[in-house]
Amino acid sequence: MKMLNPQIVPHPSQKALFSLQKPFLSGNGNINGTITCSSSSSSSSSNSYGFRRKSTSLERNVTANSKSGSNGRRRDATRSLKAVFETEAAAVSTTTEKSTRVKAVVLVKPFSSGLTDGLMKGLDVLTDVFVGGVHLELVAAELDPTNGDEKPTLRGVGKLCINTKEEMVYEADFNISDEFGEVGAILVENEHHSEMFIKEIVLDGFLSDGPLTFSCESWVSPNFDTQDKRIFFSTKSYLPSKTPSGLKKYRKKELENKRGDGTGQRKRSDRIYDYDVYNDLGDPDHNPDFARPVLGGNKEYPYPRRCRTGRHKSKRDPLSESRGDNFIVDLLDGDLFEGFYVPRDERFSQAKESTFNNNTAFSALHLVAPTFEGVIHNRAEAFPYFTEIDSLFNEGIHIPKVNRNLFDIIPNLLKAVADTGNHLLLYATPKFVNSDKFGWLRDVEFARQTLAGVNPCCIELVKEWPLKSKLDPEVYGPAESAITTEIVEQQIKGVMTVEEALKQKKLFMLDYHDILLPFVERVRKQKGTTLYGSRTLFFLTPENTLTPLAIELVCPPIDGNPQYKEVFTPAGWSSTDLWLWKLARAHVLAHDSGIHQLVSHWVRTHCCTEPYIIASHRQLSEMHPIYRLLHPHFRYTMEINALAREKLINAGGIIEGAFSPFKHSMEISSVAYDKLWQFDLQALPADLIHR
Numbered sequence: 002m003k004m005l006n007p008q009i010v011p012h013p014s015q016k017a018l019f020s021l022q023k024p025f026l027s028g029n030g031n032i033n034g035t036i037t038c039s040s041s042s043s044s045s046s047s048n049s050y051g052f053r054r055k056s057t058s059l060e061r062n063v064t065a066n067s068k069s070g071s072n073g074r075r076r077d078a079t080r081s082l083k084a085v086f087e088t089e090a091a092a093v094s095t096t097t098e099k100s101t102r103v104k105a106v107v108l109v110k111p112f113s114s115g116l117t118d119g120l121m122k123g124l125d126v127l128t129d130v131f132v133g134g135v136h137l138e139l140v141a142a143e144l145d146p147t148n149g150d151e152k153p154t155l156r157g158v159g160k161l162c163i164n165t166k167e168e169m170v171y172e173a174d175f176n177i178s179d180e181f182g183e184v185g186a187i188l189v190e191n192e193h194h195s196e197m198f199i200k201e202i203v204l205d206g207f208l209s210d211g212p213l214t215f216s217c218e219s220w221v222s223p224n225f226d227t228q229d230k231r232i233f234f235s236t237k238s239y240l241p242s243k244t245p246s247g248l249k250k251y252r253k254k255e256l257e258n259k260r261g262d263g264t265g266q267r268k269r270s271d272r273i274y275d276y277d278v279y280n281d282l283g284d285p286d287h288n289p290d291f292a293r294p295v296l297g298g299n300k301e302y303p304y305p306r307r308c309r310t311g312r313h314k315s316k317r318d319p320l321s322e323s324r325g326d327n328f329i330v331d332l333l334d335g336d337l338f339e340g341f342y343v344p345r346d347e348r349f350s351q352a353k354e355s356t357f358n359n360n361t362a363f364s365a366l367h368l369v370a371p372t373f374e375g376v377i378h379n380r381a382e383a384f385p386y387f388t389e390i391d392s393l394f395n396e397g398i399h400i401p402k403v404n405r406n407l408f409d410i411i412p413n414l415l416k417a418v419a420d421t422g423n424h425l426l427l428y429a430t431p432k433f434v435n436s437d438k439f440g441w442l443r444d445v446e447f448a449r450q451t452l453a454g455v456n457p458c459c460i461e462l463v464k465e466w467p468l469k470s471k472l473d474p475e476v477y478g479p480a481e482s483a484i485t486t487e488i489v490e491q492q493i494k495g496v497m498t499v500e501e502a503l504k505q506k507k508l509f510m511l512d513y514h515d516i517l518l519p520f521v522e523r524v525r526k527q528k529g530t531t532l533y534g535s536r537t538l539f540f541l542t543p544e545n546t547l548t549p550l551a552i553e554l555v556c557p558p559i560d561g562n563p564q565y566k567e568v569f570t571p572a573g574w575s576s577t578d579l580w581l582w583k584l585a586r587a588h589v590l591a592h593d594s595g596i597h598q599l600v601s602h603w604v605r606t607h608c609c610t611e612p613y614i615i616a617s618h619r620q621l622s623e624m625h626p627i628y629r630l631l632h633p634h635f636r637y638t639m640e641i642n643a644l645a646r647e648k649l650i651n652a653g654g655i656i657e658g659a660f661s662p663f664k665h666s667m668e669i670s671s672v673a674y675d676k677l678w679q680f681d682l683q684a685l686p687a688d689l690i691h692r
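Quick note: to get my numbering, add 1 to the position in the sequence shown (first position is 1).
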């Protein structure tokens, strides 16, 4: 239901400096709010509508603190917010049989509005003085019991009382009658010319129940940019069937606003959560070689959904979205940024207390990536000797002079040092390499990393023997593995038979055979890379440590040649056999690191979470207890995913440049999602039991 927007009724004596969008009279027309703070230190004050009243001593103290040049006094005023509630309630609360006077305090987090920061702040100051920056409406929790209608809302205008770099505080007074009952929600209108981040709203003055808190933690767009007033519910949680009668309409309206209608291109200030497929990873309009298949919405490449952006379709591929309009310019907010749309409250903000800063992160990323351009595009010459790898740790790569703070965000991986005016980029040496320089060459470390390394999510117990593929043998060759019983028993040196090892749960495996084998032929057609399907078998020793037994590398029939499969073992009789074993291990590690990033990290951690975030906003009201349980864990995940689509998993991005499948990397993640992902196996202990 659309909110009422009555005509502007300025006071006759007021000179209109600029167009006022929302006057004191709005909503249902009730004049129940009075301005509580004065911009003058005199004992009386007048608002822009000619109403005069006596200012309290507390208000004069708060005003003096907010206008003082002392930062200490500003902080004291801010930290004394609770004292403001208690003292003001004692000073001005007057309770009769019919009404209670209540103070609304709105806590706002200041932020820089970018390119036109000075202009916007100047206009907002005028708004605070002449109009009131924040307009509030109190909504009764219950309908009128006499006729079942909504009770008239109570209107109030908040005036700025505290203004520091840390926070801004607006206050307004309300006279709440006994018939009005409990306040269930607050409608908010932002009269400024820029958006504002509201942390919370507190109603104080209720003598029986204490302060009533509305935790907002949300951006509120200016009135000219939205047709709807923002609704904030109190911290009380309700299931749909238990929702107070006066809030049911607002609960429904809020969900409708978040769902949108599935049309149009999203803008920066939108709070719409809608679904779409991954049709924006390719960029054929920029480069025909950057065309990529659509992931999701088809049987060939099943995939989770992402948030819909509504961008224009690609000129060369009508199934894909164009990436050419990623630059979103909002001059009124003074903000110029490059990025994919995510709902406004999902974006990183200055209000977010976090060490993660996306601008800093991408500054470092843009700096580091070009230094490895030669490594990415000239792989044959990248590391001709082992000493070249060592040089990453002890000699470094020369980079342009940059702020060292850029590397504070990734201190465990990279570090920058100044050396005779030149800046070097060095990798931080892994701790186990410091103690044993050639530890990474040893089998015991190779096995240990399957549990203690970056990807402990794929090793699994061997439950069936012999090992067999589930792929079509007519296409990919014989299904049975070349790792035989004889090879295994020879490697475990008669400690037990294979049958005994299976019964005692001693055999474990990294199995990337069926995921990678269908892509081997396509990957090998690309220059500078190769791929196999692989299986790696491990044995749990009596000392409770893993030791590798065998690695199988498989290539399907290609160009008329039969299937190729070879088994490599650590106990070779010649130096050639020993180095072939180490080379086979290198292939497995390449597979494992790729699966870790594409599947364990991206798909299982980020990608599969986004549809649940969207669904929770579309189906669960913000007053739903399950929503309030999930929201802190979901927040900002969509922004991280959008950044990944921009720079990480996109065509020509970091993943395609660094991992051996190259442009087929994301297709592999789709196959893994189809074959491996199951909702009820994503948590502990189910995942460990399954494996």
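C-beta atoms are modelled at their ideal positions from N, C-alpha and C, and glycine is treated no differently. Owing to the predicted nature of the structure, the values given are computational and were not obtained by experimental measurement.
Check: Would DSSP call residue 138 helix, strand or coil?; Outcome: strand
Check: To the nearest angstrom, report how far apart residue 667 and residue 139 are at their CA atoms.; Outcome: 50 Å
Check: Three or more C-beta pairs closer than 8 Å, one from the region 554-561 and one from the region 514-529: is that the case here?; Outcome: yes
Check: Am I right that residue 215 and residue 187 are in contact with their C-beta atoms under 8 Å? What's the rounded C-beta distance?; Outcome: 6 Å
Check: Please report the residue range of the beta strand (DSSP E) in which residue 565 lies.; Outcome: 565-569
Check: Candidates 485, 540, 625, 166: which alpha carbon is nearest residue 462's?; Outcome: 540
Check: Please classify residue 46 as buried or exposed, where buried requires at least 16 neighbouring CB atoms within 10 angstroms.; Outcome: Only weak support exists for where residue 46 lies, its pLDDT of 36 falling under 50; the value from the coordinates is given anyway. Its Cβ being crowded by 16 or more others within 10 Å, residue 46 is buried.
Check: So, residue 110 versus residue 198, is the Cβ gap smaller than 7 Å?; Outcome: yes
Check: Which residues in the same chain have their Cβ closer than 7 Å to the Cβ of residue 259, if we skip the five residues on either side of it in sequence?; Outcome: 272, 273, 274, 618, 619
Check: Could you tell me the boundaries of the beta strand (DSSP E) in which residue 164 lies?; Outcome: 155-164
Check: Going straight from the alpha carbon of residue 503 to that of residue 464, what length do you get?; Outcome: 7 Å
Check: Using 7 Å as the threshold, is the C-beta distance between residue 1 and residue 304 below it?; Outcome: Not covered by the structure: residue 1. The range shown for the chain is 2 to 692.
Check: Taking the C-alpha atoms as reference points, what is the distance between residue 495 and residue 430?; Outcome: 39 Å
Check: Let me know the secondary structure DSSP gives residue 56 once reduced to three states.; Outcome: With a pLDDT of 41 at residue 56, under the threshold of 50, the modelled position of that residue is not reliable, and the figure given next carries that caveat. Three-state result, residue 56: coil.
Check: Quick check on DSSP: helix, strand or coil for residue 441?; Outcome: helix
Check: Within 10 Å of its beta-carbon, does residue 630 have 16 or more other beta-carbons around it, so buried, or fewer, so exposed?; Outcome: exposed
Check: Between the region 562-570 and the region 484-492, can you find at least three pairs of beta-carbon atoms closer than 8 Å?; Outcome: yes
Check: Since residue 104 is in the beta strand (DSSP E), which residue starts that stretch and which ends it?; Outcome: 100-110
Check: Roughly how many angstroms separate the alpha carbons of residue 143 and residue 180, rounded to a whole number?; Outcome: 10 Å
Check: If distances are taken between C-alpha atoms only, which option among 284, 671, 562 comes closest to residue 477?; Outcome: 562
Check: Please report how far the alpha carbon of residue 239 lies from the alpha carbon of residue 149, in whole angstroms.; Outcome: 20 Å
Check: Measure the C-alpha to C-alpha separation of residue 653 and residue 202 and round it to an integer number of angstroms.; Outcome: 46 Å
Check: Tell me the DSSP secondary structure of residue 176 in three-state form.; Outcome: strand
Check: Can you tell me where the alpha helix (DSSP H) holding residue 260 begins and where it ends?; Outcome: 249-260
Check: Put residue 346 into one of helix, strand or coil per three-state DSSP.; Outcome: helix
Check: Hey, out of 102, 452, 550, whose CA is closest to residue 177's CA?; Outcome: 102
Check: Using the Cα positions of residue 312 and residue 607, report the straight-line distance between them to the nearest angstrom.; Outcome: 22 Å
Check: Buried or exposed, going by whether 16 or more other CB atoms sit within 10 Å of the CB of residue 582?; Outcome: buried
Check: State the CB to CB distance for the pair residue 530 and residue 447, rounded to an integer number of angstroms; the pair is presumed to be in contact (CB under 8 Å).; Outcome: That belief does not hold up - the Cβ atoms of residue 530 and residue 447 are roughly 22 Å apart, past 8 Å.
Check: Work out the CA separation of residue 245 and residue 153 for me, nearest whole Å.; Outcome: 16 Å
Check: So the alpha helix (DSSP H) residue 395 belongs to, where does it begin and stop?; Outcome: 387-395
Check: State the start and end residues of the unbroken beta strand (DSSP E) segment that holds residue 149.; Outcome: Looking at the DSSP string, residue 149 is not in any beta strand (DSSP E), and its letter there is neither H nor E.
Check: Using DSSP with H/G/I as helix, E/B as strand and the rest coil, what is residue 209?; Outcome: coil
Check: Taking only the alpha-carbon atoms, compute the straight-line gap between residue 511 and residue 225 and give it to the nearest angstrom.; Outcome: 57 Å
Check: Beta-carbon within less than 6 Å of residue 591's beta-carbon, same chain only, minus the 5 sequence neighbours each way: which residues are those?; Outcome: 661
Check: Taking the beta carbon of residue 642 as the centre, do at least 16 other beta carbons fall within 10 Å, making it buried, or is it exposed?; Outcome: buried
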